[in-house]
Amino acid sequence: LFFLSETGGKDRRSGLILTIPLCLEQTSMDELSVTLDYLLSIPSEKCKARGFTVIVDGRKSQWNVVKTVVLMLQNVVPAEVSLVCVVKPDEFWDKKVTHFCFWKEKDRLGFEVILVSANKLTRYIEPCQLTEDFGGTLTYDHMDWLNKRLVFEKFTKESTSLLDELALINNGSDKGTQQDRERSIDLNFLPSVDPETVLQTGHELLSELQQRRFNGSDGGVSWSPMDDELLAQPQVMKLLDSLREQYTRYQEVCRQRSKRTQLEEIQQKVMQVVNWLEGPGSEQLRTQWGIGDSIRASQALQQKHEEIESQHSEWFAVYVELNQQIAALLNAGDEEDLVELKALQQQLSDVCYRQASQLEFRQNLLQAALEFHSVAQDLSQQLDGLLGMLCVDVAPADGASIQQTLKLLEEKLKSVDLGLQGLREKGQSLLDQISNQASWAYGKDVTIENKENVDHIQGVMEDMQLRKQRCEDMVDVRRLKMLQMVQLFKCEEDAAQAVEWLSELLDALLKTHIRLGDDAQETKVLLEKHRKFVDVAQSTYDYGRQLLQATVVLCQSLRCTSRSSGDTLPRLNRVWKQFTVTSEERVHRLETAVAFHSTAEKILQECPEQPEAFNEMDQFDEIEAVGKSLLDRLTVPVVYPDGSEQYFGSPGDMASAAEHIREKMKLVSLKKQQLRQPEATTPES
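If you use UniProt numbering, the sequence shown corresponds to residues 1 to 685, in order.
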């Protein structure tokens with residue numbers, strides 16, 4: 001979260017700019033203090049003497065955190081700090097509190113603290129010395145600077161340690177007797193790190209710094225004098241010079257190792273190695289031919305073979321040492337008996353390579369046998385687990401658990417298939433190795449031992465194949481039963497869902513299907529929508545009935561009784577009857593409303609100049625009777641077969657519908673009075 005501007009950002013006094021960005025998360029003051037200590041250790045004393053300008057970016061933090069950071073700078077940052085710019089957010093903290101706190105602490109802090117918006121920071125620092133975050137134009141890649149800093153520190157640490165090691169080795173070779181020098185070289189022969197790697201890292205780092213200085217414009221970042229001060233280019237060059245000097249001396253010390261033994265000692269040791277390998281060593285291998293019939297037996301044979309290898313390893317170590325000594329003498333070229341040396345070297349190599357090949361073959365054979373028995377044991381356990389799972393009867397719970405059990409069964413069967421395939425591959429590989437075993441027999445007839453091993457391997461594979469086939473047959477039967485159970489649970493769940501859907505349709509019919517329309521046309525539209533709504537409910541009911549019938553068939557096939565269909569069918573029929581009664585009531589109300597609106601609209605649309613259309617006042621009586629009947633019906637609840645009652649909508653909804661009907665009845669009554677007035681005035685005229 002904290003970084004020191006490495007690209008040359010400076011204040012107007014040519015002092016370094018230190019930026020401390022704060023975030024919304026909790027800021028650790030200890031981590032901030034450690035980070036500042038580290039960053040302040042990087043610049044040279046010359047840079048530090050020019051002082052610092054600290055930018056505390058508090059746009060994403062809280063005032064109390066910013067205040068703590070500013071106060072902490074007094075203890076962490078040296079006295080050269082001249083200015084602390086606190087970048088405030090657009091919606092700033094309480095100005096009275098912030099101004100009061102800074103003025104109160106000003107004398108004790110020893111440096112000036114200002115609050116400034118990001119866009120006004122250029123009043124105190126030139127834009128070319130500010131990054132884009134603060135509205136400046138200074139190009140700065142923090143990750144690039146951080147990566148170079150990490151490389152520099154790693155190189156400094158490794159090179160310093162390597163210089164100490166090389167100096168210890170080189171200085172030890174210059175002191176004491178020849179024997180002391182050889183002992184010193186042996187103890188410190190290999191440094192902890194590769195000198196070539198450290199040198200290459202240093203050259204790459206130096207090349208990068210030099211290229212950044214003289215060709216920085218190619219990378220889009222201009223060089224500034226602060227690069228040398230922060231990345232310490234002179235330190236890299238000095239360390240590289242010292243490393244090259246010490247490494248050259250170290251190489252010379254290594255090249256000056258002298259021969260440690262004489263020709264007579266080499267001859268004696270060569271014969272000791274050859275005599276043991278061709279004698280007791282070969283006899284030990286001749287007695288080991290079995291592969292074991294189980295993991296434990298194979299492991300016991302491996303342990304025995306490891307003991308034999310351990311004894312051989314001691315002699316192989318002598319061989320390696322002797323071979324190196326002989327090669328050194330041959331390269332020196334100052335020995336008189338070069339022919340004898342070459343003969344000894346050839347004899348020693350032939351015997352050791354032949355014996356090592358026999359040991360490796362035996363080890364590979366035992367490892368293959370152990371892997372075969374391990375795979376066989378794992379497969380046997382998988383078959384036992386699968387058989388145990390198949391022998392337990394399926395306890396119906398729900399469709400999801402049955403699906404999970406079926407998935408687990410399929411996975412176990414697939415695992416068994418893979419295990420058997422792996423067993424065959426391991427077995428065939430082991431058989432191939434056994435067939436090549438006779439080539440290492442030293443004339444010994446191993447036909448009997450090989451036949452026993454081959455019969456055992458083939459018997460294990462055949463037994464596993466038979467067990468796997470029996471399990472497959474049982475899985476097929478279990479799979480069919482479980483699929484039927486899954487289908488049964490699915491039908492029961494879907495049937496229960498159909499009941500829920502039908503209940504929701506009934507609830508929607510009672511609560512939302514309450515409007516009777518403002519005119520005959522709208523009422524007819526509502527009546528048509530209601531019929532479609534009833535069709536949806538009918539389809540839902542039929543779907544539930546079909547599912548329950550399928551449940552009965554599946555239960556008969558599985559020879560079990562359904563747990564839920566006995567309760568679901570009465571629920572389905574009960575909800576359907578309630579829906580039917582409610583729907584019929586809704587239809588009756590809509591049809592009555594259509595008749596009411598049609599007659600009322602016909603009367604209201606007739607012209608007053610045509611009184612002959614109203615010679616019979618029966619139409620007015622009829623519309624009044626229909627309206628009153630409709631109003632009465634709105635106050636009556638829907639009575640279900642079980643005696644329960646339900647109302648359409650809320651009382652307010654029904655009152656609103658009734659009010660509209662009354663308004664239209666008033667209009668009809670007014671029309672009736674208008675038609676009667678001419679009749680009343682005719683006799684007077």
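Built from N, CA and C at the ideal position, the CB exists for glycine as well. Since the structure is predicted, the reported quantities are computational estimates derived from the model, not experimental observations.
Asked: What are the residues that DSSP puts in a beta bridge with Ser-117?; Found: Lys-88
Asked: Here's the rule: buried if 16 or more other CB atoms are within 10 angstroms of the residue's CB, otherwise exposed. What is Thr-68?; Found: exposed
Asked: Among Leu-365, Thr-582, Val-113, whose alpha-carbon lies nearest the alpha-carbon of Ser-644?; Found: Thr-582
Asked: For Gln-382, collect the residues of the same chain with a Cβ closer than 8 Å to its Cβ; drop the 5 residues on either side in sequence, then sort them by chain order.; Found: Lys-412, Ser-415, Val-416, Gly-419
Asked: When DSSP labels each residue in this structure, what does Thr-201 get in the three-state scheme?; Found: helix
Asked: When you compare each of Asp-519, Leu-569, Leu-527, Thr-523 to Tyr-543 by their alpha carbons, which one comes out closest?; Found: Leu-569
Asked: Mapping DSSP to helix, strand and coil, what is Val-318?; Found: helix
Asked: What does residue 720 pair with, by DSSP beta-bridge criteria?; Found: As displayed, the chain neither begins before 1 nor continues past 685, which places residue 720 out of reach and without an answer.
Asked: Compare the C-alpha of Ser-557 against each of Val-638, Leu-483, Ser-656 and name the closest.; Found: Leu-483
Asked: Take the Cβ of Thr-160 as the centre, count every other Cβ of all protein chains shown within 10 Å, and call the residue buried at 16 or more, exposed below.; Found: exposed
Asked: What's the C-alpha gap between Asp-350 and Val-454?; Found: 32 Å
Asked: Starting from Thr-53, trace the beta strand (DSSP E) in both directions and tell me its first and last residue.; Found: 52–57
Asked: Would you mind sorting Gly-652 into buried or exposed? The rule is 16 or more other CB atoms within 10 Å of its CB.; Found: exposed
Asked: Among Gln-465, Lys-666, Leu-480, which one has its Cα closest to the Cα of Ile-402?; Found: Leu-480
Asked: Which ranges does the alpha helix (DSSP H) cover as unbroken runs of at least 4 residues, wholly within the segment 561–594, from first to last along the chain?; Found: none
Asked: Could you have a look at Glu-411 and say whether DSSP puts it in helix, strand or coil?; Found: helix
Asked: What are the boundary residues of the alpha helix (DSSP H) that Thr-635 is part of?; Found: From DSSP, Thr-635 is part of no alpha helix (DSSP H); its letter is neither H nor E.
Asked: Identify the continuous beta strand (DSSP E) that holds Leu-18 and give its terminal residues.; Found: 16–21
Asked: So, with DSSP's three-state summary, where would you put Val-375?; Found: helix
Asked: Taking DSSP as the reference, what is the three-state secondary structure of Lys-10?; Found: strand
Asked: Note the first and the last residue of the continuous alpha helix (DSSP H) segment covering Glu-31.; Found: 29–40
Asked: Applying the criterion that 16 or more other CB atoms from any shown protein chain within 10 Å of the CB defines a buried residue, is Met-271 buried or exposed?; Found: exposed
Asked: Helix, strand or coil for Glu-25 per DSSP?; Found: coil
Asked: Assuming His-530 is part of the alpha helix (DSSP H), what are its boundary residues?; Found: 520–558
Asked: Going straight from the alpha carbon of Tyr-319 to that of Leu-348, what length do you get?; Found: 7 Å
Asked: When you compare the CB positions of Leu-390 and Met-464, do they come within less than 8 Å of one another, or not?; Found: no
Asked: Use the C-beta contact count for Ser-435: other C-beta atoms within 10 angstroms, 16 or more gives buried, fewer gives exposed.; Found: exposed
Asked: For Pro-127, which residues from the same chain have a beta carbon less than 6 Å from its beta carbon, with the 5 sequence-adjacent residues on both sides left out?; Found: Gly-136, Thr-137
Asked: Can you name the start and end residues of the alpha helix (DSSP H) that Asn-436 belongs to?; Found: First-last for Asn-436: undefined, no H or E at that position.
Asked: Give the single residue among Tyr-250, Lys-148, Val-536 whose Cα lies nearest to the Cα of Ala-167.; Found: Tyr-250
Asked: For Leu-540 and Gly-649, I'd like the C-alpha separation in whole angstroms.; Found: In the sequence as displayed, the identity of residue 540 is Thr instead of Leu. If you take the alpha carbons of Thr-540 and Gly-649, they lie about 23 Å apart.
Asked: Using DSSP bridges, identify the partner residues of residue 695.; Found: Beyond the ends of the chain as shown, which are 1 and 685, falls residue 695; an answer cannot be given.
Asked: Out of Gln-62, Val-76, Gly-58, state which residue places its alpha-carbon closest to the alpha-carbon of Ala-118.; Found: Gly-58
Asked: With DSSP run on the structure shown, which of helix, strand or coil describes Glu-492?; Found: helix
Asked: Whole angstroms is fine: what's the gap from Ile-410's alpha carbon to Leu-590's?; Found: According to the sequence shown, residue 410 is Glu rather than Ile. One C-alpha to the other measures close to 58 Å.
Asked: Confirm, please, whether the CB-CB distance from Val-236 to Gly-281 is below 8 Å.; Found: no
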